[in-house]
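**Q** Here you go, one structure.
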Amino acid sequence: MQLFWEILVNGFIVSSIYALGAMGFSLIFGTAGILNLAHGAYLVLAAIVAWFFISYFKLPLPAGLAIGILASVLFSYLLFFLLVNPIDKSKRIPEEEKAIFVLTATLLWSIIIEGMLDYVFGSTPVVIPPFVSGSMHVFEISVTYNMIILAMISLLIIGLLWFAINRTRPGKMLLAASMSRTGVAIMGIELKRVYLLLWGIYGILAGISGVLLAAFLGASARAAPELTGMAFSIVVLGGLGSITGSFFASYIIGYLGTLTAYLISPSYTPLPAFFVLVVILLLRPQGLFGRF
Amino acid sequence: MALLEVSGLNKRFGGIRAVKDVDLSVQEGQIVGLIGPNGSGKSTLLKLLTGVHKPNSGSIRFDGREIHNWPINKRIKQGMAIVFQHSRPLHRQTVLDNIKLALLPDRVFNIHYPGDIEAKALQAARLLGLEDVVDAYPGSLPFGYIRRMEVAKALALSPRLLLMDEPFAGLTPSEVGELAELILSARHEKQAIVLVDHNVKAVYSFVNRIIALYVGAKIADGEPREVMANAEVRRVFLGKSMDEGQILQPSMASEPGGDNLLLDLDIESLKYGKAEILRNVSIRIREGEFASIVGLNGAGKSSLMKAVTGLVNYTGDVKWRGMSTKRMTTAQIIRLGIAFAPETRELFHHMSVKENLEMGGERLNRHELEARLEDVYALFPILRERVAQPAYTLSGGEQQMLTIGRALMQAPSLLILDEPTLGLAPVVLEAISEALLKLHQSRGLTILLAEQNLHFALKLSNSIYLLDHGSISWHGAVADFVQEVGDKFLV
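Here the protein sequences come in this chain order: A and B.
Numbering that gives the first Met the number 0 puts the first residue of the first sequence at 0, with every later residue one more than the last.
Numbering that gives the first Met the number 0 puts the first residue of the second sequence at 0, with every later residue one more than the last.
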């Protein structure tokens with residue numbers, strides 16, 4: 000019975016953080032049509048940079064986290080200005096091949112970030128220190144306050160994102176761009192402005208989920224491809240471009256991983272996600288929620 | 000017995016019946032053109048014949064055999080040859096090598112290399128006037144030569160039936176004439192040809208039989224002259240028939256007011272890859288004018304509208320009130336006061352009607368926004384009833400109204416409309432036509448309309464530009480158009 004509660008609680012926390020992690024991935028795909036294969040690298044980047052500033056420079060936790068998130072935003076804009084935008088504007092790359100160029104670019108970008116992190120910070124996994132100490136006893140198990148805080152922050156930010164997209168003017172611009180980019184341009188709205196907003200939000204989302212993940216499970220540069228794979232599975236399972244779909248799919252993937260970790264072995268945690276990916280692509284390629 | 004016998008052919012894509020119960024037969028030596036407006040199913044029908052798509056039901060018999068389920072390569076072995084619309088030549092092989100490709104054995108394990116392949120390929124090249132360029136690489140040749148090379152590949156197989164998808168698309172009028180002549184002289188008498196092309200004029204002079212399609216069904220079949228004179232064919236291409244005399248009275252639209260030049264367009268050339276879509280097009284629009292660009296599908300109307308709004312690249316210049324817009328982004332051009340209702344509508348499908356309209360009024364303050372919304376609802380009252388519905392749940396006509404309404408939210412000085420009548424019922428056309436008339440006459444809005452439905456355009460405009468295969472072939476007032484062009488519009 001204790002095992003059951005542990006799986007239930009841990010699964011919920013992991014899933015909530017996954018959900019936040021998948022939001023950015025889903026948003027970039029839905030709005031800009033870009034499958035960002037460097038997603039995992041962004042999560043890890045934010046986590047390692049935050050950890051570095053906290054443990055080496057002894058910065059207070061919030062300051063360290065903020066620097067980690069800033070690093071993610073910075074790299075997000077670098078990806079946009081160095082790779083995505085030039086490919087998009089290029090007259091020498093045929094229109095129909097641009098998507099594959101961008102996809103390859105993000106893959107290489109991911110390898111660059113991983114290599115860089117590995118070189119500068121080494122490959123040992125890092126853990127962000129807990130935000131709060133103490134624990135409480137519920138359902139026969141002990142749950143740290145830190146875990147509860149992590150899940151709460153994830154859900155809170157997802158809620159804020161939902162509000163921003165559906166209720167604010169800039170958010171509606173993003174939403175509109177995900178339905179028709181030409182439509183946005185002929186409303187007199189510069190697509191460049193939309194993209195700047197999008198990549199900024201992406202950097203923030205990836206950064207926050209990266210540090211939260213590292214505060215719960217730890218992070219290392221080597222884990223980047225695996226995290227990208229998880230985000231990809233979640234987003235495909237939920238339906239590419241569907242934010243709601245990604246949210247629910249996160250809980251399926253999160254719980255499957257937690258079950259595997261507890262019942263089989265923690266080293267197989269990511270496997271079920273990839274099985275689900277294969278099965279969903281075979282049986283229901285549009286995902287659980289389709290497009291939107 | 001007919002060479003090709005098609006009966007009861009049906010093809011569905013999701014809920015859309017693209018081809019409905021089509022019967023046709025083609026005899027040896029016949030040259031058959033399939034024509035029809037956008038969405039008529041002619042391309043789908045050709046793709047069923049080539050094997051690109053498989054029919055949902057019906058039969059295709061070629062030379063007495065049922066082939067509707069055969070793959071493309073088996074059909075080709077049986078004596079068909081196909082010229083696809085988009086050429087993808089091998090750029091690192093010479094023209095001759097590209098032609099030889101068609102003659103290679105179609106199985107990996109068939110290693111016998113036919114000895115006469117060189118001679119056959121050379122002969123095909125010669126027939127299409129490619130003898131001087133056999134050693135050149137496709138990338139160095141003009142588009143017309145690449146088309147010829149594709150036809151040479153097909154004819155090298157000595158097919159009994161040649162299927163061609165848009166062979167004339169993207170060619171200049173002189174290239175069209177050359178290609179047509181070359182094909183006619185290269186083929187031997189018993190070869191049959193079936194082709195699809197938007198260029199009705201080219202088809203008309205090339206074929207000895209025309210089949211006209213409309214929303215997936217055959218509406219006429221026979222001698223080119225008969226088919227083009229057929230009342231229903233004229234109706235589907237022109238809107239209402241020109242012979243009904245309804246448009247002979249001069250347009251109801253008022254005369255253009257000011258002498259203020261709004262748009263001054265000179266496009267030297269617009270190309271997609273090597274295909275030239277527009278050449279030497281000049282259009283001037285004065286304040287208060289209602290100008291229409293008319294022309295058949297594939298004439299380049301949509302590309303012209305996209306050039307004005309900066310959505311495609313071109314050489315030449317488009318000036319707005321004397322200022323060049325060439326280096327501007329689409330959004331900058333729109334903010335000059337040019338609103339665009341594109342053919343593809345580009346609505347935000349999962350947003351409500353109101354949200355779509357608000358996107359149009361993005362630059363207005365709340366007070367102006369409310370006033371504009373009221374204006375649009377007054378023009379299209381149905382949008383007020385649908386205000387909370389997502390755009391994708393609207394009917395085609397309502398979506399078109401929303402597209403126009405969203406453009407009007409921008410308080411434009413010039414409204415550009417691309418094929419607003421496409422696929423709409425007559426009663427909806429009437430409503431849109433009334434709204435446009437009101438906008439133009441009572442509010443003095445300047446309008447540029449690109450339209451295939453001639454009746455619709457003539458009824459509303461002051462001036463007409465006839466776009467024919469990428470160039471303006473006639474331009475003037477509506478009344479003169481009826482007298483000078485009138486019946487000759489189609490062929």
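Glycine included, every Cβ here is placed at the ideal spot set by N, Cα and C.
Model, not experiment: these values are computed from the prediction.
Note the first and the last residue of the continuous beta strand (DSSP E) segment covering residue 319 of chain B.
**A** 314 to 319
**Q** Kindly give me the distance between the Cβ atoms of residue 64 of chain A and residue 212 of chain A, rounded to whole angstroms, as I take these residues to be in contact under 8 Å.
**A** About 12 Å; that fails the 8 Å criterion.
**Q** According to DSSP, what are the bridge partners of residue 473 of chain B?
**A** B:465
**Q** Classify residue 480 of chain B: buried if its beta carbon has 16 or more other beta carbons within 10 angstroms, exposed otherwise.
**A** buried
**Q** Classify residue 13 of chain A as helix, strand or coil using the three-state DSSP reduction.
**A** helix
**Q** Can you have a look at residue 44 of chain B and say buried or exposed, based on whether 16 or more other CB atoms are within 10 angstroms of its CB?
**A** Classification of residue 44 of chain B: buried, given that the 10 Å Cβ count is 16 or more.
**Q** Please list, in chain order, all residues of the same chain as residue 398 of chain B whose beta carbon is under 8 Å from its beta carbon, the five residues on each side excluded.
**A** 344, 346, 390
**Q** What alpha helix (DSSP H) runs, 4 residues minimum, are completely inside the region 21 to 71 of chain B?
**A** 41 to 49
**Q** For chain A, find out if any of its Cβ atoms is closer than 8 Å to the Cβ of residue 334 of chain B; answer yes or no.
**A** True, the Cβ-Cβ gap to chain A drops below 8 Å.
**Q** Between residue 340 of chain B and the rest of its own chain, which residues show a CB-CB distance below 6 Å, the 5 nearest in sequence each way excluded?
**A** 402, 403, 406, 416
**Q** Identify each residue in the region 182 to 196 of chain B for which the Cβ-Cβ distance to at least one residue of chain A is less than 7 Å, and report them in chain order.
**A** none
**Q** Kindly indicate which three-state DSSP category residue 90 of chain A falls into: helix, strand or coil?
**A** coil
**Q** Which chain A residues are close to residue 329 of chain B, counting only those with a beta carbon under 7 Å from its beta carbon?
**A** Within chain A, the residues placing a beta-carbon under 7 Å from that of residue 329 of chain B are 184, 185, ordered along the chain.
**Q** Could you pull the start and end residues of the alpha helix (DSSP H) that residue 279 of chain B belongs to?
**A** Run containing residue 279 of chain B: none in the alpha helix (DSSP H); it sits in the beta strand (DSSP E), 274 to 285.
**Q** According to DSSP, residue 10 of chain B sits in a beta bridge with which residue or residues?
**A** B:18
**Q** Check whether chain B comes within 8 Å of residue 284 of chain A, counting only Cβ atoms and requiring the distance to be less than that.
**A** no
**Q** For residue 38 of chain A, which three-state DSSP category applies?
**A** helix
**Q** Which residues in chain A have a C-beta closer than 8 Å to the C-beta of residue 339 of chain B? List them in chain order.
**A** The contacting residues are 185.
**Q** Determine the direct distance from the alpha carbon of residue 175 of chain B to that of residue 182 of chain B, and round the result to whole angstroms.
**A** 11 Å
**Q** Could you give the first and the last residue of the continuous alpha helix (DSSP H) run that contains residue 190 of chain A?
**A** Per DSSP, residue 190 of chain A belongs to the alpha helix (DSSP H) from 190 to 215.
**Q** Does the beta carbon of residue 138 of chain B sit closer than 8 Å to a beta carbon anywhere in chain A?
**A** no
**Q** Look up residue 293 of chain B in the DSSP assignment and give the residues it is bridged to.
**A** In DSSP, residue 293 of chain B forms a bridge with B:450, B:465.
**Q** Taking 8 Å as the threshold (beta carbon to beta carbon), is residue 91 of chain B in contact with chain A?
**A** For residue 91 of chain B, the answer is no, since every Cβ of chain A falls outside 8 Å of its Cβ.
**Q** Assuming residue 223 of chain A and residue 113 of chain A make a contact with CB atoms under 8 Å, what is their CB distance in whole Å?
**A** 5 Å
**Q** Alpha carbons only, please: which of A:194, A:244, A:266, A:220 is nearest the one belonging to residue 77 of chain A?
**A** Residue 77 of chain A has its Cα closest to that of A:194, out of A:194, A:244, A:266, A:220.
**Q** Over the uninterrupted alpha helix (DSSP H) stretch that includes residue 252 of chain A, give me the two end residues.
**A** Annotation for residue 252 of chain A: the continuous alpha helix (DSSP H) segment containing it runs 242 to 262.
**Q** Determine the contact status of residue 120 of chain B and residue 274 of chain B, defining contact as a CB-CB distance below 8 Å.
**A** no
**Q** Between which two residues does the alpha helix (DSSP H) holding residue 141 of chain A run?
**A** First-last for residue 141 of chain A: 140 to 143, but that is the beta strand (DSSP E), not the alpha helix (DSSP H).
**Q** Can you pull the chain B residues whose beta carbon is under 9 Å from the beta carbon of residue 257 of chain A, in chain order?
**A** Chain B residues near residue 257 of chain A: none, gap ~33 Å exceeds 9 Å.
**Q** Using a Cβ-Cβ cutoff of less than 8 Å, which residues in the same chain neighbour residue 52 of chain A once the five nearest sequence positions on both sides are dropped?
**A** 58, 62, 63, 66, 67
**Q** By the three-class DSSP mapping on this structure, what secondary structure does residue 339 of chain B have?
**A** strand
**Q** How many angstroms separate the CA atom of residue 157 of chain B from the CA atom of residue 411 of chain B?
**A** 58 Å
**Q** Going straight from the alpha carbon of residue 3 of chain B to that of residue 26 of chain B, what length do you get?
**A** Computed Cα separation, rounded: 7 Å.
**Q** Specify, as a first and last residue, the run of the beta strand (DSSP E) that residue 220 of chain B falls within.
**A** 216 to 221
**Q** What number of angstroms, rounded off, separates the C-alpha of residue 250 of chain B from the C-alpha of residue 387 of chain B?
**A** Its pLDDT being 46, under 50, residue 250 of chain B is placed unreliably in this model, and the coordinates cannot settle the point.
**Q** Between residue 179 of chain A and chain B, is there a C-beta pair that is closer than 8 Å?
**A** yes
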